[in-house]
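Below, the structure is given as structure tokens:
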């Protein structure tokens, strides 16, 4: 039976897909696949386009207390890395091996040269390849988005489209910040509607033969790739200022290849930032 009514959840879905760069015809195709009739699709697309904007108030102190930070105190695997200058967590075995394998296969279907948001940056800063799997409308990626959002405790509409990166031998991402530097053109362009990047949720999809660690140089911490392991950090301080101690380096792969999931969260999204049903997840 065709769906004829529009829920807030599907309005959120449509808005997020359009915001993250998915072409309207692709969004429509995805809605058709999910059983919506023409009238419902027109309503969803119209409402998503017509000024439905994120909320403006941001509680940065609450962001710093995201449910994941509380879960880490009792979770058997999730733990905080001892680093008083930043909120940095690791979660071994966050993804099952078979899920990692499926995401690697999906990544290899559509690879492009990785870019940075700074058009004038040295092209050697980032030499990997990327895949915009978050714009594919694939059920596996939609499930991954929900899983990450539930783990962090922040609704997935407060995030960018999921990306994957592949690093081959001698490829790296030199030391950089995930946040946009306030006052720059990049900040004006990329933070206009959804605000600053807040949390980063990164997942290693494979074991790397040699190299490929993530080095937080100002924290003097290096995390090595392990299949399914998540690395999560807050790019901001509790007062909302950017945290320069989160500078990190995707180190060169010396042997083999490295696959990574990257999910950036933002200051603004749709509706409640911390859904109550997320807080009940162990």
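Numbering (the numbering used here), first residue to last: 1 to 282.
Where is the CB? At the ideal position from N, CA and C, for every residue including glycine.
No experiment lies behind these values; they were computed from the predicted model shown.
Residue pairing by DSSP puts residue 200 in a beta bridge opposite 233, 264.
Rounded to the nearest whole angstrom, the CA to CA distance from residue 190 to residue 180 is 8 angstroms. Counting only residues of its own chain and dropping the five nearest sequence neighbours on each side, residue 77 has a CB closer than 7 angstroms to the CB of 91, 92, 93. Here residue 129 carries a strand assignment [DSSP, helix/strand/coil].
By the Cβ criterion, the segment 251-258 is in contact with the segment 204-212, since at least three pairs of Cβ atoms, one from each stretch, lie closer than 8 angstroms. Spatial neighbours of residue 272 in its own chain (CB-CB distance under 8 angstroms, excluding positions within 5 residues in sequence) are listed in chain order as 155.
Counting along the chain, residue 175 sits inside the beta strand (DSSP E) bounded by residues 173-176. Per DSSP, residue 4 lies in no beta strand (DSSP E) and is assigned neither H nor E. For residue 209, the secondary structure class from DSSP, reduced to helix, strand or coil, is coil. Residue 106 and residue 157 have their C-alpha atoms roughly 22 angstroms apart.
For residue 77, there is no enclosing alpha helix (DSSP H), as DSSP marks it with neither H nor E. Here residue 28 carries a helix assignment [DSSP, helix/strand/coil].
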